[in-house]
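Worksheet: one structure, shown below.
Chains as they are written, first to last, in my numbering: chain A, 73 to 710; chain B, 114 to 466.
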């Protein structure tokens, strides 16, 4: 009965709120384990989400878009299986979410956004979602937030080889090989993967008379990539090289209102980084990074005689000095530089941007209960100093058992126009001003433990104002659309996370739920009907939840996401209906522990209830579909 | 215990799954229903094509009753229970049928004009733009096909193609021949609709976008000048000897005039150039002042009623919200305005059928 009562609580608390935090044991590739976060005495005054190792493991063969859709209540906007997918936080647009890989920005400097469907999970060992103003430590432009991907070394001497094969519905095959070796001084990790999929799922075409069942066509996907990480530890020095290259080749399917499509898109990306970390003393360390990012995209539509391509190059360097003169004081200073170059058919040439930034951070913990964090960011763009971006955050923790802390923060935010906004041949606007605004948040975080029951709850209320929001708008009397500093947007809402964990009757039960409520107010010149309307593609309510039951070598995981209706016109007259999706995953370690070689298996039922839904207009999503993965891992630890 | 746990889990999942909505795809609040359709006499109807956004599949079709001053939006999907498609371009009324040309869906929806139920769909078109009837056949211009498609007017099947280079727009049947706006190659093309052949062309200014026939049998062609490439021009063509007999040049490179229309008697031209402009066909110069100021509206198309001479101006607003249509009397006094679908563009009048 006790177990049943616990589970009842899990179910009842689902609509409330959650998210996992710190990673758990690194060698667990399949069986979910969740560890309640919060090792530090006082939590940082910002909202950060860290998908747990279970999510990372479950999604190891998927894209970043798939992983973030189930591990956060951020809004993932997908054009369909294998197609473009973007992420939005806190009622902002996809170009207000910045993506970083080991500190280097990956958002396209031309387009301003990242295609998360093109980012394999394999490129990161650790993921953090920095909500709202916490992204300012990574860089500017994250008015909604940022996604931070980082690689890391395993210094424990070991050798491992992992081979994974996944077979899924719609002729979806993925092969992934990872080899790593470390001896305490050296660590090398090599990964290679290839995915091919036909994505030829059946769907009910509600856009055609009599709603026939049709098969998705021209949706083939091929993606392959290789990643190498090499670390060298020499006393107080650590050197590392991290690089990966990916190639994605996609057929873009038709809208289901259209007869056919012959559109294709090819993407090639190379990202490489060298790093030197010098641990001068226990109180001081210096880290210097330098890297290069390249992205090429070619889009072809033979029916429309359109063939567009662009090349992007980015050279980035970053030096960070951390100094802790006293236990209660931490300082950090960063110097960052970047040269970005873009060439596209739409711009008709090559454009370049030079950027430089200085970042100062200080964290002061005067007592066990108080923490104050101050940040100042100064950027210089093409030789022009930009306004200083300050951020102030305070945490107060009145109780330690159960732990309770309150936090509040405020920051100034900026986003510079993209190179397309500025220089696109027909409609680019070189006189554009950056988007600018203020963000603030108030949060509550509490966690505790009672016998075998652990819980953690966090709630954050956010409010931000963004002025000069850039939008492409038609110019009166011509067919020309031009990038314009157009509207003033206010975002407000609540993010909540609830995480529960219990050991009952030999089962480990976990529940991770996150919920976001977002409300916009938009005002813009010369339009009465759109005043005070919700922005397009911003759902008011977003919920994701995961339930995990684990016993010995077996685990079952149910996940569910609910996305509220999103408006698709600025007057809020047209909308995409709310949609749900659920999945059930079963995992098993087929080999008993303590063996060097082990087999793991995973079975997935995705879209469990066979919902017929669309995220974007007339882009069908697959009904119930299945996947089976088998992994062999050999590991020897000295 | 395990059984209880499973029961609760399934109960929770069922609760969540019950939130699943029935509606799929873009919806409108509040939506139009079939019973909302105007009961207007088909001859009185004003048919308005709402283009919708490129690749959003939200094109729609509205019918306005000028007698009752009522508007019915989203008519196609209300009657036929499916969306119209992606980017509707134009409508042709012919032989008790309404032909809706849906550009990015590569099709033409054929409807009974009376009850607006779908009869057929002309498929296999690359990027259709405008449609016209000539020699008892239907001709369809195209953005990308480098051809004008020919269609059987009884079976609604594509029966052939006439090779015409580049992007083609409006088609005008004049004296048993077919004139076509060649937007891609800066020409007016002349087509023999019986032999289905391109027989001649007349060079005009940069990017011709629209044409009308005046009361004296001259063809007027409006050219936008492209994106600041050349001065926009308005040409007068003698269709008998196939020559440009008069050219008016606009004053500024940045101007982009579009949507040439003509009144019922064929004596006054209308077009958009931010504002609405008009001139008599005998005027020696372009007008110096606008007839109707845009006044913060994003004027997108103009049409003149063939009987009442009333002027219909469409306002596409921000392009990502529903637009408005303004109706003016011949004297340019406002008569009515009403909300339409997204990007109201081409207008056809039942009275012209």
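Each residue gets a CB set at the ideal place from its N, CA and C atoms; glycine is no exception.
Since this is a predicted model, take the numbers as computed values, not measurements.
Partner residues on chain A for residue 243 of chain B, Cβ-Cβ distance less than 8 Å: Correct list: empty, because the minimum Cβ distance to chain A is about 17 Å.
Is residue 505 of chain A closer than 8 Å to residue 486 of chain A when the C-beta atoms are compared? No, they are not a contact pair.
With a threshold of 8 Å between beta carbons, is residue 186 of chain A in contact with chain B? For residue 186 of chain A, the answer is no, since every Cβ of chain B falls outside 8 Å of its Cβ.
Is residue 205 of chain A helix, strand or coil when you go by DSSP? Secondary structure of residue 205 of chain A (DSSP, three-state): helix.
By the 10 Å Cβ neighbour count, where 16 or more other Cβ atoms means buried, how is residue 162 of chain A classified, buried or exposed? In summary, residue 162 of chain A is buried, with 16 or more beta-carbon neighbours lying within 10 Å of its beta-carbon over all protein chains present.
Using a Cβ-Cβ cutoff of less than 8 Å, which residues in the same chain neighbour residue 428 of chain B once the five nearest sequence positions on both sides are dropped? The beta carbon of residue 428 of chain B sits closer than 8 Å to the beta carbons of 410, 411, 412, 413, 436, 437, 438, 439 and 457 from its chain, once the five residues preceding and following it are set aside; these are given in chain order.
Determine, using beta carbons only, whether residue 405 of chain B and residue 445 of chain B come nearer to each other than 8 Å. Yes, these two residues count as a Cβ contact at 8 Å.
Tell me, to the nearest whole angstrom, how far the beta carbon of residue 447 of chain A is from that of residue 433 of chain A; I am working on the premise that it is less than 8 Å. The distance from the Cβ of residue 447 of chain A to that of residue 433 of chain A is about 5 Å, consistent with a contact at the 8 Å cut-off.
Looking at the C-beta of residue 141 of chain A, does it have a partner C-beta in chain B at a distance below 8 Å? For residue 141 of chain A, the closest Cβ of chain B is not nearer than 8 Å.
Got a sec: which bits of the segment 209-231 of chain B sit with their beta carbon under 9 Å from any beta carbon on chain A, in order along the chain? Within the segment 209-231 of chain B, those residues whose Cβ lies closer than 9 Å to any Cβ of chain A are, in chain order, 215, 217, 218, 219, 220 and 231.
Take residue 320 of chain A and list the residues in its own chain whose beta-carbon comes closer than 6 Å to its own, dropping the five residues that flank it on each side. The residues are 190, 295 and 339.
Host beta strand (DSSP E) of residue 128 of chain A (start-end): Residue 128 of chain A -> not in any beta strand (DSSP E); alpha helix (DSSP H) instead, spanning 125-130.
For a contact defined as C-beta to C-beta under 9 Å, what are the partners of residue 592 of chain A on chain B? Those do not exist, as residue 592 of chain A stays about 15 Å from chain B at its closest Cβ, beyond 9 Å.
Given a cut-off of 8 Å, decide if residue 151 of chain A and residue 691 of chain A are closer than it, judged by their beta-carbon atoms. Yes, the Cβ-Cβ distance between residue 691 of chain A and residue 151 of chain A is below 8 Å.
Please tell me whether residue 265 of chain A and residue 315 of chain A are closer than 8 Å, where the distance is taken between their beta carbons. With a cutoff of 8 Å on beta-carbon distance, residue 265 of chain A and residue 315 of chain A are scored as not near each other.
Name the residue from B/274, B/392 and B/378 whose alpha carbon lies nearest to the alpha carbon of residue 384 of chain B. Ranking B/274, B/392 and B/378 by Cα distance to residue 384 of chain B puts B/392 first.
Residue 199 of chain B versus chain A: which residues are under 7 Å apart at the beta carbon? Chain-ordered, the chain A residues with CB closer than 7 Å to the CB of residue 199 of chain B read 327, 329 and 330.
Given a cut-off of 8 Å, decide if residue 346 of chain B and residue 331 of chain B are closer than it, judged by their beta-carbon atoms. The answer is no: Cβ separation not under 8 Å.
Measure from the alpha carbon of residue 622 of chain A to the alpha carbon of each residue in A/124, A/580, A/587 and A/464, then state which is nearest. Nearest option by C-alpha distance: A/580.
What did DSSP end up calling residue 190 of chain B once you bin it into helix, strand or coil? It is helical.
Just to make sure I have the definition right: I need the residues of chain B whose C-beta is within less than 7 Å of the C-beta of residue 684 of chain A. Which are they? Result: 137.
Rounded to a whole number of angstroms, what is the C-alpha to C-alpha distance between residue 469 of chain A and residue 475 of chain A? Going from the Cα of residue 469 of chain A to the Cα of residue 475 of chain A covers about 7 Å.
Under 8 Å by beta carbon: chain A residues contacting residue 318 of chain B: Within chain A, not a single residue places a beta-carbon under 8 Å from that of residue 318 of chain B; the smallest gap is close to 16 Å.
Looking at the C-beta of residue 169 of chain B, does it have a partner C-beta in chain A at a distance below 8 Å? Yes, contact with chain A.
With a cut-off of 8 Å, does the C-beta of residue 193 of chain B fall near any C-beta of chain A? Taking Cβ atoms only, chain A reaches closer than 8 Å to residue 193 of chain B, which makes this a yes.
Segment contact flag, the segment 345-358 of chain A with the segment 138-146 of chain A, C-beta cutoff 8 Å, min 3 pairs: No, they do not touch.
Kindly indicate which three-state DSSP category residue 662 of chain A falls into: helix, strand or coil? Look at residue 662 of chain A here: in three-state DSSP terms it is coil, with no helix or strand label.
Check the C-beta distance from residue 201 of chain B over to residue 163 of chain B and give it rounded, since I have them as a contact under 8 Å. Contact holds; Cβ gap of about 7 Å.
How far does the beta strand (DSSP E) with residue 428 of chain B in it extend, from its first residue to its last? Residue 428 of chain B -> beta strand (DSSP E) spans 424-428.
Residues bridged to residue 631 of chain A (per DSSP): For residue 631 of chain A, which the question treats as bridged, DSSP gives the partners A/618 and A/655.
Tell me the rounded alpha-carbon separation between residue 465 of chain A and residue 443 of chain A. Going from the Cα of residue 465 of chain A to the Cα of residue 443 of chain A covers about 8 Å.
Can you check whether the C-beta of residue 647 of chain A is within less than 8 Å of a C-beta belonging to chain B? Taking Cβ atoms only, chain B reaches closer than 8 Å to residue 647 of chain A, which makes this a yes.
Under 9 Å Cβ-Cβ, which residues of chain A neighbour residue 435 of chain B? Residues of chain A passing the Cβ test: 601, 641, 643, 645 and 646.
Those residues which DSSP pairs with residue 474 of chain A across a bridge: Partner(s): none; residue 474 of chain A has no beta bridge.
Taking 8 Å as the CB-CB limit, is residue 257 of chain B close to chain A? Yes, residue 257 of chain B lies at the interface with chain A (some Cβ there is under 8 Å from its Cβ).
List the residues of chain B that residue 541 of chain A touches, going by C-beta distances under 7 Å, in chain order. What residue 541 of chain A touches in chain B: nothing, since even the nearest Cβ is about 13 Å away.
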